[in-house]
Ligand code: GMT
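Residue numbers (my numbering): 3 to 379.
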């Protein structure tokens, strides 16, 4: 019988995919009896109800007139040191390299001076490597901190290669993909809910994200406008973020505002996914595409870009289609192909569920657990 672990988890508590993965992984580990200590500045979005073995430690920021930039990083490092000592943590798992990997290194160094060893695992999620991490403001720190982590994981083969190519680190990067809990994301038709958004015979196209530029939602809107000329349909956009206002403007320009529904941030996305006929993920950078996996697990075919880790999730011609980034003609053609052919649509739905099942939580969780025990050795 292996010992129950005390694990510190550092993540972004917002709606982003890395925070979702960190929270759900922590909750699943807690379900196995391990003690999980989330350390961040706000209660993680998906940590809404009490669960045994789950603790949340808020990093509070010190107000002082001198600080134009509040030193959150320092406060986070101090909090990790405090929790590691007083709860006797076995290891620390940080999600998204910036700034968490370097903070983990600082905390680990401080703890070493107090005779406490704290193995650090850093999980890379995407733009921490492919976009933000490449900027000169962060590059040397990301490179150094990855080399200092005891273990580094990436959520796809593509992200692993991007990391090795861009950062030339000496550490091995292990791939542990994102996962899905099919007890939550499963096909469950919702005819009454469908009626709220679409008339009889109308199709529903959907996208969920944090509305950043990288998601290229303008391509989805352009594609939808063309699809709707051929097949009456609605577009439901879920989430919020910096691009929302300009996307609403684009819908007004294209005179489709009455057909495009901006729902804002939503909690029970598994319910909404179950009324979609096609899910879009048209990003220009995407290390994995957790939202596509969630859609597939509900039996929704995906039309996506063919970049980054997306083709490892959405198999072209099987669970949906993958297209060149920014190619609205191709997106439109592939979407129409799915919507026009009922037998292909049914095949894709079935295949999407089959493909999603490869990423089932109970297949991925043991891989993290194995890594945790290796980190202790
Ligand atoms: O890298 C980001 O943009 C942030 C991150 C997040 O927190 O939203 O998203 C990434 O992590 C997810 C979980 O591992 C992946 O499923 C997303 O593909 C990835 N996003 C990008 O690479 C753009």
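We put the beta carbon where it would ideally sit given N, CA and C, even for glycine. As the structure is a prediction and not an experimental result, all values here were calculated from the model.
Distance check for residue 15 and residue 342, CA to CA, integer angstroms please.
Looking up residue 342 in the chain shown gives position 340. Looking up residue 15 in the chain shown gives position 13. Straight-line Cα distance between these residues: approximately 40 Å.
Is the Cβ-Cβ distance between residue 74 and residue 83 less than 9 Å?
What you label residue 74 is simply residue 72 of the chain shown in a count that begins at 1. What you label residue 83 is simply residue 81 of the chain shown in a count that begins at 1. Inclusion of residue 74 and residue 83 in the CB contact set at 9 Å is not warranted, their separation being larger than that value.
Residue burial classification, residue 29 (beta-carbon count within 10 angstroms, cutoff 16)
Against the chain shown, residue 29 aligns to sequence position 27. When all chains shown are included, residue 29 counts as buried.
Residues that DSSP places opposite residue 205 in a beta bridge
Counting from one through the chain shown, the residue named residue 205 turns up at place 203. DSSP lists 235 as partners of residue 205.
On a Cα-Cα basis, can you pick out the residue from 305, 265, 166, 155 that is closest to residue 332?
Against the chain shown, residue 332 aligns to sequence position 330. Here the closest residue by C-alpha is 305.
Given 8 Å as the limit, tell me if residue 304 has its C-beta closer than that to any heavy atom belonging to ligand 1.
One-based indexing of the chain shown puts residue 304 at position 302. Because no heavy atom of ligand 1 lies under 8 Å away, the Cβ of residue 304 does not count as near it: no.
Distance between residue 276 and residue 188 (C-alpha atoms, nearest Å)
Counting from one through the chain shown, the residue named residue 188 turns up at place 186. Counting from one through the chain shown, the residue named residue 276 turns up at place 274. Spanning the two alpha carbons is a distance of roughly 8 Å.
Which of helix, strand or coil DSSP assigns to residue 362:
Here residue 362 is taken as the residue at index 360 of the chain shown, counted from 1. DSSP places residue 362 in strand when its eight states are reduced to three.
Proximal residues to residue 400 (C-beta, below 7 Å), its chain only, five neighbours per side dropped:
The shown model of the chain, from 3 to 379, leaves out residue 400, and the question about it has no answer.
Candidates 227, 235, 208, 246: which alpha carbon is nearest residue 214's?
Walking along the chain shown from the start, residue 214 turns up at place 212. Distances from the CA of residue 214 to each of 227, 235, 208, 246 were compared; the closest alpha carbon is that of 246.
Are the beta-carbon atoms of residue 237 and residue 262 separated by less than 9 Å?
Stepping through the chain shown from its first residue, residue 237 is reached at position 235. Stepping through the chain shown from its first residue, residue 262 is reached at position 260. Their beta carbons are under 9 Å apart, which means residue 237 touches residue 262 by this criterion.
Quick one: what's residue 325 bridged to in DSSP?
Stepping through the chain shown from its first residue, residue 325 is reached at position 323. Residue 325 pairs with 307.
Taking three-plus beta-carbon pairs below 8 Å as touching, is the stretch 126–135 in contact with the stretch 30–42?
The stretch 126–135 makes no contact with the stretch 30–42: fewer than 3 CB pairs, one atom from each, lie closer than 8 Å.
Please report the Cβ distance between residue 327 and residue 290, rounded to the nearest whole angstrom; I am assuming they are in contact, meaning their Cβ atoms lie under 8 Å.
Indexing the chain shown from 1 puts residue 327 at position 325. Indexing the chain shown from 1 puts residue 290 at position 288. 16 Å between Cβ atoms; not a contact.
Within 10 Å of its beta-carbon, does residue 164 have 16 or more other beta-carbons around it, so buried, or fewer, so exposed?
Stepping through the chain shown from its first residue, residue 164 is reached at position 162. Per the 10 Å Cβ criterion, buried.
Along the chain, where does the beta strand (DSSP E) containing residue 91 start, and where does it finish?
Indexing the chain shown from 1 puts residue 91 at position 89. Segment: none, residue 91 is in no beta strand (DSSP E) and carries neither H nor E.
In chain order, what residues of the same chain have a beta carbon less than 7 Å from the beta carbon of residue 299, not counting five sequence neighbours either side?
For the purposes of this step, residue 299 is taken as the residue at position 297 of the chain shown. Contacts found: 182, 184, 187, 188, 355, 358.
CA-CA distance, residue 167 and residue 160?
For the purposes of this step, residue 167 is identified with residue 165 of the chain shown, where counting begins at 1. For the purposes of this step, residue 160 is identified with residue 158 of the chain shown, where counting begins at 1. Their backbone Cα atoms lie some 11 Å apart in a straight line.
Specify, as a first and last residue, the run of the beta strand (DSSP E) that residue 57 falls within.
Taking the first residue of the chain shown as 1, we reach residue 57 at position 55. Where residue 57 is concerned, the enclosing beta strand (DSSP E) stretches over 56–60.
According to DSSP, is residue 40 helix, strand or coil?
Counting from 1 along the chain shown, the entry for residue 40 is found at position 38. DSSP places residue 40 in strand when its eight states are reduced to three.
Look up residue 16 in the DSSP assignment and say whether it is helix, strand or coil.
The residue labelled residue 16 in the question sits at position 14 within the chain shown. Residue 16 falls in the coil class under three-state DSSP.
Per-residue DSSP class, three states only, for residue 297:
In the chain shown, the residue the question calls residue 297 occupies position 295. Taken through DSSP and simplified to helix, strand or coil, residue 297 comes out as helix.
Is residue 212 near ligand 1, going by C-beta to nearest heavy atom under 8 Å?
Within the chain shown, the letter at position 210 stands for residue 212. At least one heavy atom of ligand 1 is nearer than 8 Å to the Cβ of residue 212, so yes.
Beta carbon of residue 242, beta carbon of residue 212: below 9 Å?
Taking the first residue of the chain shown as position 1, residue 242 is located at position 240. Taking the first residue of the chain shown as position 1, residue 212 is located at position 210. Between residue 242 and residue 212, the C-beta spacing is below 9 Å.
Quick one: Cα of residue 336 to Cα of residue 228, how far?
Reading the chain shown from its first residue, position 334 is the one you call residue 336. Reading the chain shown from its first residue, position 226 is the one you call residue 228. CA-to-CA, the gap between residue 336 and residue 228 works out to about 12 Å.
Beta-carbon proximity of residue 38 to residue 55, cut-off 9 Å:
Here residue 38 refers to the residue found at position 36 of the chain shown. Here residue 55 refers to the residue found at position 53 of the chain shown. Yes; because the gap between Cβ atoms is below 9 Å, this pair is in contact.
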